[in-house]
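Working notes, structure below.
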Amino acid sequence: MSDAPTYEPNVIEPGLAARWVEDKSFELQGEPDAETYYALTMFPYPSGDLHMGHVEIFSIHDALVRQKRMLGRRVLNPIGWDAFGLPAENAAKKRGINPATWTYANIEQQAASIKRLGFAFDWSRRLHTCDPEYYRWTQWVFLQLFANDQAYRKEAMVNWCPGCETVLANEQVVGGRCERSDDLVIRRPLTQWFFRTTSYAQELLDSLDTIDWPERVKTMQRNWIGRSEGAELTFRTADGVDDVPVFTTRPDTIFGATYFVFAPEHPVVARRMGNDPAYAAFIDEVNKRSEIERQATLGTGQTAKRGLRLNFDMVNPFTGEEIPAYAADYVLMEYGTGAIMAVPFGDQRDFEFARAHDLEIRAIIAPSDPSDPAAVAATDPATMTEAYTQYGVVTGSGDYDGLTTADAKNAVMDDLEAKGWGRRTINFRLRDWLISRQRSWGPPVPIIHCEACGHQGVPAADLPVLLPEDLNWQGSGSPLFNHPTWKHVPCPSCGGPGIRETDTLDTFVDSSWYFLRFLSPNDDHAPWPSSLADALLPVDQYTGGVEHAILHLLYARFVVKALRDAGHLSASEPFHALLNQGQVILNGSAMSKTRGNLVQPFEVIDVYGADTLRATILFASAPEDDIDWADVSPSGMSKWLNKLWRQALADGVHGGPDSGSPEGVDKLRRAVHTRIAAITEDFERHKYNTAIAKLMEISNAAREAVAAGVGGAAVREAIDSLLLMLAPICPFITEHLWTELGHDGSVHQQRWPQADPTLLVKSSTTIVAQVNGKIRARINVAVGLDAAAVEAIARADAAVAASLADVTVTNVFAVQDRLINFVVSRNADRREDGQS
RNA sequence: GCCCGAGUGGCGGAAUGGCAGACGCGGAGGACUCAAAAUCCUUUGUUCGAAAGGACGUGUGGGUUCGAGUCCCACCUCGGGCACCA
12 MSDAPTYEPN VIEPGLAARW VEDKSFELQG EPDAETYYAL TMFPYPSGDL HMGHVEIFSI
72 HDALVRQKRM LGRRVLNPIG WDAFGLPAEN AAKKRGINPA TWTYANIEQQ AASIKRLGFA
132 FDWSRRLHTC DPEYYRWTQW VFLQLFANDQ AYRKEAMVNW CPGCETVLAN EQVVGGRCER
192 SDDLVIRRPL TQWFFRTTSY AQELLDSLDT IDWPERVKTM QRNWIGRSEG AELTFRTADG
252 VDDVPVFTTR PDTIFGATYF VFAPEHPVVA RRMGNDPAYA AFIDEVNKRS EIERQATLGT
312 GQTAKRGLRL NFDMVNPFTG EEIPAYAADY VLMEYGTGAI MAVPFGDQRD FEFARAHDLE
372 IRAIIAPSDP SDPAAVAATD PATMTEAYTQ YGVVTGSGDY DGLTTADAKN AVMDDLEAKG
432 WGRRTINFRL RDWLISRQRS WGPPVPIIHC EACGHQGVPA ADLPVLLPED LNWQGSGSPL
492 FNHPTWKHVP CPSCGGPGIR ETDTLDTFVD SSWYFLRFLS PNDDHAPWPS SLADALLPVD
552 QYTGGVEHAI LHLLYARFVV KALRDAGHLS ASEPFHALLN QGQVILNGSA MSKTRGNLVQ
612 PFEVIDVYGA DTLRATILFA SAPEDDIDWA DVSPSGMSKW LNKLWRQALA DGVHGGPDSG
672 SPEGVDKLRR AVHTRIAAIT EDFERHKYNT AIAKLMEISN AAREAVAAGV GGAAVREAID
732 SLLLMLAPIC PFITEHLWTE LGHDGSVHQQ RWPQADPTLL VKSSTTIVAQ VNGKIRARIN
792 VAVGLDAAAV EAIARADAAV AASLADVTVT NVFAVQDRLI NFVVSRNADR REDGQS
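Residues in the first sequence are numbered consecutively from 12, following the working numbering.
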């Protein structure tokens, strides 16, 4: 019986955690350089204490980072807080405290939890986006984009969240609701600041091919950018006064354009119909009803098609016909040109509108099979029940008749370019990024409005534009706007009276460049060291949640490109490789405060310790998959760590020469070294779940070997290897046992173990003998035998021989060292053949 | 509706086209114990069989292949994204 101490994680862990921070164990020694591995995890938002999702992503990231260090890389692994944003303001309003107080208190709590969990961050580079030292440079970034015409102000229909009392970017509206407060978002015209993301639409799409990101994230970005190829062509009003361009992806259907539709607020319509009471009523109705309908059929895209016949017609340039013009709410002002040629034959929305308003539907594609009544009915305007959206052979289209859809498309575009009616063009779904917010816990937009000089950027020397200390957070509306004196300043250009912009920047602006600031977080002369940024970017490995697939990840890509073109960077992408972890859920649904189904990390840590929590999460599944907390077993993981503890202290402490049978020693060493090779590969693929399984196998193999009388160096080697490879996952227990086993120094300063190649080569192996793919025997043979030798051995096997007795072998497939398959046919068949 | 992704034991999950179910949880039986907990040992896909052994088995139906969980086609279910984008 051993009287070794029992495993008490909550006794050993806090001391080690504190020591690692005090010793600056995980700070990058010296300055980063081109060889430095830049590992980054999405910095947390300080909404309260750490939740399970944070623990998951940090556990994955930490395993990755610690192993890279053991492989000998210098790793830059910074941490900070994304600390501006609405929740702080909402909390301030609710509790009557300053957002800063709330934010910094939460940051301190999260920092303490991160340290307690032993995550190996470089604390010397810590930053908070709400510090003036940081947001000064966020304002600087804005000004660089402003100077380069990538930031501008315009009036537009924007998304307004009534709950948050601010506008939102397109990306922050989810299913018609505010991403944060879940309020229904209202459309209203406002003058706002934008970043010109659309000017990078094509590059944002193309350069996705250069980065190593999960395919699903790339797909989401591609869909969001939404490129479509087509043509822009101009329709003239029948009175010859206005030219109205439309965008279409189907120029081949131009002869089917039997009417024309404007977005309700289209300027040509507004000008011509402005005084018409029916138009005013229609606009009013559209605005009102869209609100109500949104609630009922939110995001189904199946709204009834409403329209207003306008008091003028349009001319189809190809047919010369006059066609009726409508305003309808199914045409959006924001996409394309805000007007369409309507082809009810080939477009489902136009089809529905035409049927509802009794408009002509003209056949322009011939039935795919004229002898098939169903195919004929599907292309006959009298009988068709939905638009015909497939490709085919063009009909009813003058000179283009008989061409295929693809050929007609090209021919029509050639002709409209030749005749000056339009041109080939590309449209994107992506809109410019609305960056101003009517909130006050964010960096003020560094602009001063002057009647004489227009919008003037605040001079760099005057940055940061500080938030005043005495804002009233309790009222409604924007505290910054309502502040009595703050906004009144002289114009930096003429010195006359000026007014500060009282909007602040979206928090996603803060987080779109923080990876640059980590390179020199304390430098107050420059936002980042430019040569180092050129050498280190893009970030080698980024880890974080898939919820940012579009928002943050798209914005950061845009900002890097814009800064590059403003001459401040050479990189074109912020993050080279991306690893998205899944969600931690409970009983199938997301954990959340409102649901009241939160499992707090410290509920687990207080019982089992941080190592157990970290390993439980990593063992539950591959990083990308969701983890349902109802399915995981911290007690099971704790049991294994306890077992490992006893095993190391009982069996691992004995060094010295090998004892026991040479076969037993050899078997153990081979087991260990094949696992070293496999676990190394698993870490490479970020498959920490299978890596842990193989660590358990080492532990099992060592226990079996000891039970079989093996001891000494081989067992010691097994335990040492296990501790080294478990160290990135369970840093505490491995550090403690490493010392207990008499090693000098920290386990985390050791080199990753290397497999001995001679121990990976087997002398014999088990091959599978199949007959027609069915396993008949498993036979032990020497490694490297050729097919003929294996066949002879297999035929000699009793079970195989029995299966081959009554049949003819027609073919034999052998895979060296793995398998042999006899393909046979029954003798009965052969006799029949022979008799005929 | 469109675009992705995924369907494997009671559960989480393993499997470069070549032994399906690694590893763990849970279960069953046993040892230790006055007893329990902890620990250790055995066992655990389904089914036929006393056993030896056999048959079946990766959502469904086809296909390719000597050989398919893995590749192809169609469908079903679940999850995610987009949603009047012309």
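The C-beta atom is built at its ideal place from N, Cα and C for all residues, glycine as well. Remember, it's a predicted structure, so these values are computed and weren't measured experimentally.
task = Sort T112, P275, E584, D426 by Cα distance to Y411 and report the nearest one.
result = The residue you call residue 411 lines up with position 400 of the first sequence. The shortest C-alpha separation from Y411 is found at D426.
key: Cα-Cα separation between I376 and A339, rounded to whole angstroms   = Mapped onto the first sequence, residue 376 falls at position 365. Mapped onto the first sequence, residue 339 falls at position 328. So the two alpha carbons sit approximately 26 Å from each other.
task = Kindly indicate the opening and closing residues of the alpha helix (DSSP H) around F694.
result = One-based indexing of the first sequence puts residue 694 at position 683. Segment 673-695, the alpha helix (DSSP H) holding F694.
request  = Determine the burial state of V794: buried for a count of at least 16 other Cβ atoms within 10 Å of its Cβ, exposed for fewer.
outcome  = Locating residue 794 in the first sequence gives position 783, counting from the first residue. The residue is exposed, with fewer than 16 neighbouring Cβ atoms inside 10 Å.
ask   = Per DSSP, what kind of secondary structure is D569 in: helix, strand or coil?
value = One-based indexing of the first sequence puts residue 569 at position 558. Asp is not the amino acid found at residue 569; the sequence shown has Phe there. Here F569 sits in helix by DSSP.
query = For P768, which option in V683, N700, R317 has the closest C-alpha, if you only look at C-alpha atoms?
reply = As a working mapping, residue 768 is identified with position 757 in the first sequence. The residue with the shortest Cα to Cα distance from P768 is V683.
query = Start and end of the beta strand (DSSP E) containing Y163?
reply = Indexing the first sequence from 1 puts residue 163 at position 152. Residues 162-172.
Cutoff 6 Å; reference M284; Cβ partners in own chain excluding five residues on either side = Indexing the first sequence from 1 puts residue 284 at position 273. For M284, where only same-chain residues beyond five positions count, the Cβ hits under 6 Å are Y290.
ask   = How about L527 and A582: are their beta carbons less than 7 Å apart?
value = Taking the first sequence and counting its residues from 1, the one referred to as residue 527 is at position 516. Taking the first sequence and counting its residues from 1, the one referred to as residue 582 is at position 571. Contact: no.
inquiry  = I need the straight-line Cα distance from G91 to E558, nearest angstrom please.
reply    = Stepping through the first sequence from its first residue, residue 91 is reached at position 80. Stepping through the first sequence from its first residue, residue 558 is reached at position 547. Using only the alpha carbons, I get a separation of about 19 Å.
request  = Output the boundary residues of the alpha helix (DSSP H) element that contains Y699.
outcome  = Start at 1 with the first residue of the first sequence, and residue 699 comes out as number 688. Unbroken alpha helix (DSSP H) run through Y699: 699-718.
query = Would you report the Cα separation of V664 and I744, rounded to the nearest angstrom?
reply = By one-based count along the first sequence, residue 664 stands at place 653. By one-based count along the first sequence, residue 744 stands at place 733. Their backbone Cα atoms lie some 15 Å apart in a straight line.
message = Between D44 and A537, how many whole angstroms is the CB-CB distance? I'm expecting something under 8 Å.
response = Start at 1 with the first residue of the first sequence, and residue 44 comes out as number 33. Start at 1 with the first residue of the first sequence, and residue 537 comes out as number 526. Actually they do not touch by this definition, with Cβ atoms about 18 Å apart.
inquiry  = Would you call the region 461-480 in contact with the region 415-435, where contact means no fewer than 3 C-beta pairs closer than 8 Å?
reply    = no
ask   = If you run the structure through DSSP and keep just helix, strand and coil, what is V794?
value = By one-based count along the first sequence, residue 794 stands at place 783. It is coil, neither helix nor strand.
inquiry  = Please tell me whether L441 and I236 are closer than 7 Å, where the distance is taken between their beta carbons.
reply    = One-based indexing of the first sequence puts residue 441 at position 430. One-based indexing of the first sequence puts residue 236 at position 225. It is a contact, given that the beta carbons lie within the stated cut-off.
inquiry  = Could you tell me the alpha carbon to alpha carbon distance between A29 and H759, rounded to whole angstroms?
reply    = Translated into the one-based positions of the first sequence, residue 29 becomes position 18. Translated into the one-based positions of the first sequence, residue 759 becomes position 748. For A29 and H759, the distance between alpha carbons rounds to 15 Å.
ask   = How many Å lie between P288 and E363 at the Cα?
value = As a working mapping, residue 288 is identified with position 277 in the first sequence. As a working mapping, residue 363 is identified with position 352 in the first sequence. When rounded, the distance between both Cα atoms is 26 Å.
task = Could you name the residues of the same chain whose beta carbon sits closer than 6 Å to that of L27, not counting the 5 residues immediately before and after it, in chain order?
result = For the purposes of this step, residue 27 is taken as residue 16 along the first sequence, with counting starting at 1. The answer, listed in chain order, is F743, E746.
task = Look at the alpha carbon of G174 and the alpha carbon of W539, and state the distance between them as a whole number of angstroms.
result = Here residue 174 refers to the residue found at position 163 when the first sequence is read from its first residue. Here residue 539 refers to the residue found at position 528 when the first sequence is read from its first residue. Taking the straight line from one Cα to the other gives about 37 Å.
query = Any idea what DSSP makes of M284, helix, strand or coil?
reply = For this step, residue 284 is matched to residue 273 along the first sequence. Of the three classes helix, strand and coil, the one that applies to M284 here is helix, per DSSP.
Inter-stretch contact (C-beta, 8 Å, three-pair minimum) for the region 609-617 and the region 654-672 = no
query = With distances taken from CA atoms, which of S531, A471, A180 is nearest R199?
reply = Taking the first sequence and counting its residues from 1, one reaches residue 199 at position 188. Considering only alpha carbons, the answer is A180.
request  = Would you tell me roughly how many angstroms separate the C-alpha atoms of Y211 and V571, rounded to the nearest one?
outcome  = The sequence position of residue 211 within the first sequence is 200, counting from 1. The sequence position of residue 571 within the first sequence is 560, counting from 1. Between Y211 and V571, the C-alpha separation is close to 11 Å.
ask   = Based on Cα-Cα distance, which residue from P455, A725, D693 lies nearest to P668?
value = Translated into the one-based positions of the first sequence, residue 668 becomes position 657. Checked all of P455, A725, D693; the closest Cα to P668 is A725.
ask   = The alpha helix (DSSP H) with S542 in it runs from where to where?
value = Working through the first sequence from its first residue, we reach residue 542 at position 531. Looking at the DSSP string, the run of the alpha helix (DSSP H) that includes S542 is 541-547.
query = How would you call Q203, buried or exposed, if buried means at least 16 neighbouring beta carbons within 10 angstroms?
reply = For the purposes of this step, residue 203 is taken as residue 192 along the first sequence, with counting starting at 1. Q203 should be labelled buried.
message = For the structure I just gave you, are there three or more beta carbon pairs, one from the region 151-167 and one from the region 63-76, closer than 8 Å?
response = no
query = Residue range of the beta strand (DSSP E) that M231 falls in?
reply = Position 220 of the first sequence holds residue 231. Premise fails: M231 lies in the alpha helix (DSSP H), 226-236, not in any beta strand (DSSP E).
message = Given this structure, state the Cα-to-Cα distance separating I277 from P378, to the nearest angstrom.
response = As a position in the first sequence, residue 277 is number 266, starting the count at 1. As a position in the first sequence, residue 378 is number 367, starting the count at 1. Before going on, a small fix: residue 277 reads as His here, not Ile. Approximately 37 Å between the Cα atoms of the pair.
inquiry  = Below 8 Å on the Cβ atoms is my contact criterion, and I expect A268 with N327 to pass it. Report the Cβ-Cβ distance as a whole number of Å.
reply    = Within the first sequence, residue 268 is the residue found at index 257, counting from 1. Within the first sequence, residue 327 is the residue found at index 316, counting from 1. That pair is a contact at about 5 Å.
key: Simplified DSSP state of T311, which is helix, strand or coil   = Counting from one through the first sequence, the residue named residue 311 turns up at place 300. Residue confidence is low: T311 scores 46 on pLDDT, short of 50, so the model does not pin down where it sits. Its coordinate-derived value is still stated next. Coil at T311, not helix or strand.
message = Starting from T390, trace the beta strand (DSSP E) in both directions and tell me its first and last residue.
response = Counting from one through the first sequence, the residue named residue 390 turns up at place 379. Looking at the DSSP string, T390 is not in any beta strand (DSSP E), and its letter there is neither H nor E.
task = Assign Q306 to one of three DSSP states: helix, strand, or coil.
result = The residue given as residue 306 occupies position 295 in the first sequence. Here the model assigns Q306 a pLDDT of 49, short of 50, so the residue's position is not dependable, and the following value carries that caveat. In the structure shown, Q306 sits in a helix (DSSP, three-state: H, G or I).
Start-end ranges of the beta strand (DSSP E) lying completely within the region 43-119, minimum 3 residues = 48-52, 89-92
inquiry  = Taking the straight line between their C-alpha atoms, what separation do you get for G433 and I351?
reply    = Here residue 433 refers to the residue found at position 422 when the first sequence is read from its first residue. Here residue 351 refers to the residue found at position 340 when the first sequence is read from its first residue. Distance between the alpha carbons of G433 and I351 is about 14 Å.
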